[in-house]
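Working notes for the structure below.
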Amino acid sequence: MNFQILISKLKTLIIVFFVLLPFTFYLLPTYIRAQEEFSVDSLVTYRFQDSGKTIVTHDTTLENNFSSLYATNYTLTLENIEAENVQAVDDKGNVLKLDLQKNADLTKIIITFSDAVVGKDAVRHFLITYENSAFAVKTGEVWEVSIPRLAENSSFRNYSVNLVIPSSFGAEAYVSPKPKSLDTTNIDKSYTFSKNALLQSGITAAFGQFQVFAFNLSYHLENPLSIPSETQIALPPDTAFQKIYFSKIDPAPAQIQIDEDGNWIATYKLASRQRLDVIASGSVQIFSSFRPFPRPSEETLAQNLKAGQYWQINDPSINSLALSLRTPREIYDYVVKTLKYDLSRVQPNVQRLGAVSALKNPNSAICMEFTDAFIAIARAAGIPAREINGYAYTENPDLEPLGLVADVLHSWPEYFDANKGIWIPIDPTWGATTGGENFFDKLDLRHFAFVIHGKDSTKPYPPGSYKLGSDPQKDVFVSFGKLPIDRISQPNISITAKKSVPFIGTVFSLRIVNPGPSALYSLYPLIYFDNSEESRDFIEVLPPYSNYDFQIKVPFSLLGKNTPNVVRVKISRVSLEIPTNKTQMVINSLLALFAVFFIILMVVFVWIRKITLKSISAKIASSYAKITGKTSQNKHKA
Numbered sequence: 169m170n171f172q173i174l175i176s177k178l179k180t181l182i183i184v185f186f187v188l189l190p191f192t193f194y195l196l197p198t199y200i201r202a203q204e205e206f207s208v209d210s211l212v213t214y215r216f217q218d219s220g221k222t223i224v225t226h227d228t229t230l231e232n233n234f235s236s237l238y239a240t241n242y243t244l245t246l247e248n249i250e251a252e253n254v255q256a257v258d259d260k261g262n263v264l265k266l267d268l269q270k271n272a273d274l275t276k277i278i279i280t281f282s283d284a285v286v287g288k289d290a291v292r293h294f295l296i297t298y299e300n301s302a303f304a305v306k307t308g309e310v311w312e313v314s315i316p317r318l319a320e321n322s323s324f325r326n327y328s329v330n331l332v333i334p335s336s337f338g339a340e341a342y343v344s345p346k347p348k349s350l351d352t353t354n355i356d357k358s359y360t361f362s363k364n365a366l367l368q369s370g371i372t373a374a375f376g377q378f379q380v381f382a383f384n385l386s387y388h389l390e391n392p393l394s395i396p397s398e399t400q401i402a403l404p405p406d407t408a409f410q411k412i413y414f415s416k417i418d419p420a421p422a423q424i425q426i427d428e429d430g431n432w433i434a435t436y437k438l439a440s441r442q443r444l445d446v447i448a449s450g451s452v453q454i455f456s457s458f459r460p461f462p463r464p465s466e467e468t469l470a471q472n473l474k475a476g477q478y479w480q481i482n483d484p485s486i487n488s489l490a491l492s493l494r495t496p497r498e499i500y501d502y503v504v505k506t507l508k509y510d511l512s513r514v515q516p517n518v519q520r521l522g523a524v525s526a527l528k529n530p531n532s533a534i535c536m537e538f539t540d541a542f543i544a545i546a547r548a549a550g551i552p553a554r555e556i557n558g559y560a561y562t563e564n565p566d567l568e569p570l571g572l573v574a575d576v577l578h579s580w581p582e583y584f585d586a587n588k589g590i591w592i593p594i595d596p597t598w599g600a601t602t603g604g605e606n607f608f609d610k611l612d613l614r615h616f617a618f619v620i621h622g623k624d625s626t627k628p629y630p631p632g633s634y635k636l637g638s639d640p641q642k643d644v645f646v647s648f649g650k651l652p653i654d655r656i657s658q659p660n661i662s663i664t665a666k667k668s669v670p671f672i673g674t675v676f677s678l679r680i681v682n683p684g685p686s687a688l689y690s691l692y693p694l695i696y697f698d699n700s701e702e703s704r705d706f707i708e709v710l711p712p713y714s715n716y717d718f719q720i721k722v723p724f725s726l727l728g729k730n731t732p733n734v735v736r737v738k739i740s741r742v743s744l745e746i747p748t749n750k751t752q753m754v755i756n757s758l759l760a761l762f763a764v765f766f767i768i769l770m771v772v773f774v775w776i777r778k779i780t781l782k783s784i785s786a787k788i789a790s791s792y793a794k795i796t797g798k799t800s801q802n803k804h805k806a
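Quick note: the sequence shown uses the numbering used here, first residue 169, plus one each step.
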């Protein structure tokens, strides 16, 4: 055996895979040997069972690039992957000798070949299979799939991945990156991914149309004044990607209104020196794709281009970046690559650095800094952007203990997509801490928005911020949940008639109330006079526990000619009728007419009578004077 053949027997092919979880770092493989001596082609199939267990098959081909070299063994290295029931067979079905070596997080599967495949372009074909139960995890209503990405220095000539998903997993929520092809049957879906796509990131996917979280939030309010006052709290709002169902807000607020950013602001009236604890509980439905949602106004978008306390868009360093980073994706990629997550700063009440300081201290960033940097650069580049404060579910062991005792929330940015007309959520923090998972093209189903900061970089304050005393307790509780049975709101209508002025008309005050549990959208209150539509209004959004007030005027008409018998208000499937007392109005009109006619008649009669009496009196007086005058003359003559 010559020296070259001796060397060939020592050749070992080592292929390394790795998997990354949120907020967890792993190193890339440092070496791959025998890259030039052999060409390696591999098709890796992840076949998921209904239970979530995965059968992984590495269909591998080795081709000799030299006539004097051949492979005696092959090593597959798995990082943070538990391989069970490992088997290896050649293309004839013969079982191959294998050896498993485990060291900390690494598992090496070493295949030894008993025969020699010699000669240039000679090919060896074999299969390695193993099982794993961690590639698919069911969280609430959703199956989440995470497949490791391919190491950048891997030696594959050709490499592709097949993802076979059973139909029992449900509808596709999202798959990233975009698959090269998709084949669908009655029992499963098969996604194919190319080598280039897997060098950029691993595969993340979710199946199930939505996720559901149950929440219980506490707010501790106080009026320190000696006079009554009002205070406000922010409740979790609807967005294009989430819908809120309240089961309880206790005590109920005086009103809930929507601010410019879309926050739901609840108002409470407190007496002098009063303390009040408010409990808001319910469920949130997180959607994988945006749903129809009101488009923000141009005024709101303009507000989301301005500078803020932590968004210093006029700083020269921010402006310089905005000149070269012109799209949301470019800004996202820059922030992900530049900032480094500092786990030591994840504490309650940590100081917020802001965009400029974050970029000057890139190794001291947490979610606020990733978010502020993105927003500042985006706004400076003319892209409306805003901050979301909320809850993000994670299995990261470094964050879970802190979350059990303190209300440490997550933040992420949104940018406005003018073509879609919606705010698009992204998460550069998780993009950085997962080693390249794609949280730009599709956000997962683990993000639950509490408040929106667009006009102001700090207000409104999110749940968990309304605390009293020196020993605050945990006030934010979120867990996986189920959709409530009663989740469709039906508006209530009330009508009150104001005191009417005779012969002027009647004014009715209408109130439309949303009793919960969810918001109502695109309402058209219709006003009917009898069976004819008189008018209609438009309510874009009516949050739960809020109301909408307006007035209608029923005209007065002589003998009720233009006055309806009833006024009917219809909104959605609810309607309410109120009589106008038209009959009484007609009677009143007749009485009024009779009274007027009688008064006129009396006046005329008196006027006519007055003229007649005067004329008769004058004639009588004149005649009497003449008679008396003639009689007197006759007496004198006599």
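All residues carry an ideal CB built from backbone N, CA and C; glycine is no exception.
Worksheet item: What did DSSP end up calling K508 once you bin it into helix, strand or coil?
Response: Here residue 508 refers to the residue found at position 340 of the sequence shown. In the displayed model, K508 falls within coil according to three-state DSSP, outside both helix and strand.
Discussion item. Measuring alpha carbon to alpha carbon, tell me which residue in D273, D283, I249 is nearest D258.
Written reply: Translated into positions along the sequence shown, residue 258 becomes position 90. The candidate whose alpha carbon is nearest that of D258 is D283.
Worksheet item: Where in the region 213-276 do unbroken runs of the beta strand (DSSP E), each at least 3 residues long, occur, reported from the N-terminal end onward?
Response: Listed in chain order, the complete beta strand (DSSP E) runs (minimum 3 residues) inside the region 213-276 are 222-232, 241-247, 252-258, 265-271.
Worksheet entry | Close-in-space but distant-in-sequence residues of the same chain around S657 (CB under 8 Å, 5 per side omitted) | Residue 657 sits at position 489 when you count from the first residue of the sequence shown. Correct list, in chain order: N682, P683, G684, P685, S686, A687, L688, P712.
Item to complete: List the residues that DSSP assigns as beta-bridge partners of G558.
Response: Taking the first residue of the sequence shown as position 1, residue 558 is located at position 390. DSSP output for G558 lists H578, A617 as bridge partner(s).
Practice prompt. Run through the region 334-419 for me and flag every whole alpha helix (DSSP H) of 4 or more residues, listed as ranges in chain order.
Written response: Listed in chain order, they are 363-368.
Worksheet item: Between which two residues does the alpha helix (DSSP H) carrying N487 extend?
Response: Looking up residue 487 in the sequence shown gives position 319. Residues 484-492.
Item to complete: Counting only the same chain and skipping the five closest in sequence on each side, list residues whose C-beta sits under 8 Å from that of F645.
Response: Looking up residue 645 in the sequence shown gives position 477. The residues are F383, N384, L385.
Discussion item. Helix, strand or coil, according to DSSP, for F766 in the structure here?
Written reply: Taking the sequence shown and counting its residues from 1, one reaches residue 766 at position 598. Helix.
Worksheet entry | Identity of the residue in L678, N364, Y413, D540 nearest R325 by Cα | Sequence index remark: in the sequence shown, residue 325 carries index 157 (1-based). R325 has its Cα closest to that of N364, out of L678, N364, Y413, D540.
Worksheet item: Does DSSP put N531 in a helix, in a strand, or in coil?
Response: Here residue 531 refers to the residue found at position 363 when the sequence shown is read from its first residue. Residue state, collapsed to three classes: helix.
Worksheet item: From this set, S451, G632, S740, N354, which residue's C-alpha is nearest L823's C-alpha?
Response: The question about residue 823 has no answer here: the residues shown for the chain are numbered 169 through 806.
Practice prompt. Please state if the CB of W580 and the CB of H615 are separated by a distance shorter than 8 Å.
Written response: Position 447 of the sequence shown, counting from 1, holds the residue named residue 615. Position 412 of the sequence shown, counting from 1, holds the residue named residue 580. Yes, the Cβ-Cβ distance between H615 and W580 is below 8 Å.
Worksheet item: What runs of the beta strand (DSSP E), each 3 residues or longer, lie entirely inside the region 422-505?
Response: Qualifying beta strand (DSSP E) stretches, in chain order: 423-426, 432-438, 443-455.
Worksheet item: What is the residue span of the beta strand (DSSP E) that P723 lies within?
Response: As a position in the sequence shown, residue 723 is number 555, starting the count at 1. Start and end: 714-723.
Worksheet entry | Local Cβ density within 10 Å of P345, reported as buried at 16 or more and exposed below that | Stepping through the sequence shown from its first residue, residue 345 is reached at position 177. A residue is called buried once 16 or more other Cβ atoms fall within 10 Å of its Cβ, and P345 is buried on that count.
Practice prompt. Please classify E204: is it buried, with 16 or more other beta-carbons within 10 angstroms of its beta-carbon, or exposed?
Written response: Taking the first residue of the sequence shown as position 1, residue 204 is located at position 36. Exposed, because fewer than 16 other Cβ atoms sit within 10 Å of the Cβ of E204.
Item to complete: Using a threshold of 8 Å, state whether the C-beta atoms of N233 and F206 are closer than that.
Response: Translated into the one-based positions of the sequence shown, residue 233 becomes position 65. Translated into the one-based positions of the sequence shown, residue 206 becomes position 38. Their beta carbons are under 8 Å apart, which means N233 touches F206 by this criterion.
Worksheet item: Comparing alpha-carbon positions, which option in A422, D218, Q255 lies nearest G338?
Response: Numbered from 1 along the sequence shown, position 170 holds the residue referred to as residue 338. Nearest C-alpha to G338: D218.
Practice prompt. Could you check the C-alpha separation between P316 and K610 for me, to the nearest Å?
Written response: The sequence position of residue 316 within the sequence shown is 148, counting from 1. The sequence position of residue 610 within the sequence shown is 442, counting from 1. C-alpha separation (whole angstroms): 18 Å.
Item to complete: Could you check the C-alpha separation between T213 and Y298 for me, to the nearest Å?
Response: Start at 1 with the first residue of the sequence shown, and residue 213 comes out as number 45. Start at 1 with the first residue of the sequence shown, and residue 298 comes out as number 130. Roughly 11 Å between the two C-alpha positions.
Worksheet item: Based on the DSSP secondary-structure assignment, which residues constitute the bridge partners of S677?
Response: Locating residue 677 in the sequence shown gives position 509, where the first residue counts as 1. Per DSSP, the beta bridge partners of S677 are T664, Q719.
Worksheet entry | Cβ contact (3+ pairs, closer than 8 Å) linking the region 439-449 and the region 520-531 | Pairwise C-beta distances place the region 439-449 out of contact with the region 520-531, as fewer than three of them are shorter than 8 Å.
Item to complete: Following the continuous beta strand (DSSP E) through T297, name the residue where it begins and the one where it ends.
Response: As a position in the sequence shown, residue 297 is number 129, starting the count at 1. Where T297 is concerned, the enclosing beta strand (DSSP E) stretches over 291-300.
Worksheet item: S743: which of N660, F706, R704, N606 sits nearest, CA to CA?
Response: Position 575 of the sequence shown holds residue 743. In terms of CA proximity to S743, N660 leads the group N660, F706, R704, N606.
Discussion item. Please confirm whether E205 has its beta-carbon closer than 8 Å to some beta-carbon of chain B.
Written reply: The displayed structure is made up of one protein chain only, and chain B is not part of it.
Discussion item. Alpha carbons only, please: which of P347, P693, V772, G604 is nearest the one belonging to D501?
Written reply: If you number the sequence shown from 1, residue 501 lands on position 333. Of all alpha-carbon atoms in P347, P693, V772, G604, the one lying nearest the alpha-carbon of D501 is that of G604.
Worksheet item: In this structure, what does DSSP give as the bridge partners for Y629?
Response: On the sequence shown, residue 629 is found 461 positions in, with the first residue counted as 1. In the DSSP output, where bridge partners are listed per residue, Y629 has none listed.
Fill in: Where R520 sits in the DSSP three-state scheme
For the purposes of this step, residue 520 is taken as residue 352 along the sequence shown, with counting starting at 1. Coil.
Item to complete: Tell me whether S525 sits in a helix, a strand or coil according to DSSP, three-state version.
Response: The sequence position of residue 525 within the sequence shown is 357, counting from 1. If DSSP states are grouped into helix, strand and coil, S525 belongs with the helices.
Item to complete: Kindly list the residues whose CB is nearer than 6 Å to the CB of I746, restricted to its own chain and excluding five residues on each side of it in sequence; keep chain order.
Response: Residue 746 sits at position 578 when you count from the first residue of the sequence shown. Cβ neighbours of I746 beyond the five flanking positions: I663, V735.
Worksheet item: By Cβ distance below 6 Å, which residues in the same chain neighbour D418 in space, the five residues on each side in sequence not counted?
Response: Counting from 1 along the sequence shown, the entry for residue 418 is found at position 250. Taken in chain order, the residues that qualify are I447.
Item to complete: Could you have a look at D540 and say whether DSSP puts it in helix, strand or coil?
Response: Indexing the sequence shown from 1 puts residue 540 at position 372. If DSSP states are grouped into helix, strand and coil, D540 belongs with the helices.
Worksheet item: Can Q480 and S714 be called in contact, C-beta distance under 8 Å?
Response: The residue you call residue 480 lines up with position 312 of the sequence shown. The residue you call residue 714 lines up with position 546 of the sequence shown. No, Cβ-Cβ distance for Q480 and S714 is not below 8 Å.
Discussion item. According to DSSP, T307 sits in a beta bridge with which residue or residues?
Written reply: Your numbering for residue 307 matches position 139 in the sequence shown. DSSP links T307 through a beta bridge to V310.
Worksheet item: What are the boundary residues of the beta strand (DSSP E) that includes P747?
Response: Residue 747 sits at position 579 when you count from the first residue of the sequence shown. First-last of the beta strand (DSSP E) with P747: 742-747.
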